[in-house]
Structure formats: C-alpha cells, structure tokens
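Colleague: One structure follows; several queries about it will come next.
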Amino acid sequence: MIDKTEITICLGSSCFARGNKKTVQAIETYLKEHNLKDKVFFHGGHCFGMCNKGPILKINDKFYEAVDHINVIDILAKEIEE
Ligand code: FES
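For the sequence shown, counting from 1, position 10 maps to 9 in numbering that gives the first Met the number 0; every step adds exactly one.
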C-alpha cells in the first residue's frame with residue numbers, strides 16, 4: 000500500500016482571507032492535472048497559530064509559510080512523487 004501524502008491547508012480566517020482561498024483552487028487543479036487525487040489526502044485545517052507567518056500550508060509534518068497560488072506549484076512538485 001502506498002502512503003498518501005497529506006496536505007492540510009489552513010482555512011483559519013487570517014490565512015483564508017490572505018490567499019488560501021485561491022490556493023485551494025490552485026492545489027485542486029494541480030492534483031487533477033497531474034492525476035494525483037488517489038495519492039494525496041487534501042483537506043482543510045483550523046488555524047495553526049502561526050497567522051503572522053501565513054498563509055500556511057502543511058504537507059505531512061512540514062509547514063510552509065507565506066504560501067500563495069503561484070509558489071504552491073513548486074512546493075507540490077517538490078513534495079509529491081508522481
Ligand atoms: S489562520 Fe492560518 S495559521 Fe492562523
């Protein structure tokens with residue numbers, strides 16, 4: 000069995016308002032285009048308590064700070080094995 004990559008996007012009000020709303024769409028599109036939906040568990044999370052460093056994205060145990068809908072593509076390419 001292959002372990003899924005877990006992606007948690009912060010949907011707390013600060014991160015959501017500052018760009019994660021758009022980043023959700025970018026991730027959805029990326030996973031679809033790269034046929035990764037079965038390999039990834041993508042879901043939203045509550046505030047991680049790091050709002051000042053946000054928008055926050057968590058992949059497995061790693062936190063990414065200041066994520067936007069552009070730089071998230073490089074992060075996904077690096078983190079998810081196709
Ligand atoms: S709202 Fe995202 S870390 Fe607080």
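Even glycine gets a Cβ: it sits at the ideal position worked out from N, Cα and C.
Quick caveat: nothing in here was measured; it's all calculated off a predicted structure.
(1) With the ligand FES as the reference, list in chain order each residue whose Cβ lies under 5 Å from any of its heavy atoms.
(2) How many angstroms separate the CA atom of K20 from the CA atom of D37?
(3) In terms of residue numbering, what span does the alpha helix (DSSP H) encompassing E78 cover?
(4) Nearest to N51 by CA position, among G43, Y63 and F40, is which residue?
(5) Cα-Cα, which of T4, L75 and D2 is closest to V66?
(6) For L10, report the span of its alpha helix (DSSP H) as first-last.
(7) With burial defined as no fewer than 16 other Cβ atoms inside 10 Å of the residue's Cβ, what is the status of F15: buried or exposed?
Modeller: The answer reads as follows:
(1) Listed along the chain, these residues meet the criterion: C9, G11, S13, C14, C46, F47, M49, C50, G53 and I55.
(2) Translated into positions along the sequence shown, residue 20 becomes position 21. Translated into positions along the sequence shown, residue 37 becomes position 38. Distance from the CA atom of K20 to the CA atom of D37, rounded to whole angstroms, is 22 Å.
(3) Along the sequence shown, one-based indexing puts residue 78 at 79. Run containing E78: N70 to E78, per the alpha helix (DSSP H) assignment.
(4) On the sequence shown, position 52 is the one that residue 51 refers to. Among G43, Y63 and F40, the Cα nearest to that of N51 belongs to Y63.
(5) Translated into the one-based positions of the sequence shown, residue 66 becomes position 67. When only C-alpha atoms are compared, the closest one is L75.
(6) For this step, residue 10 is matched to residue 11 along the sequence shown. Per DSSP, L10 belongs to no alpha helix (DSSP H) and is neither H nor E.
(7) Along the sequence shown, one-based indexing puts residue 15 at 16. So F15 counts as buried.
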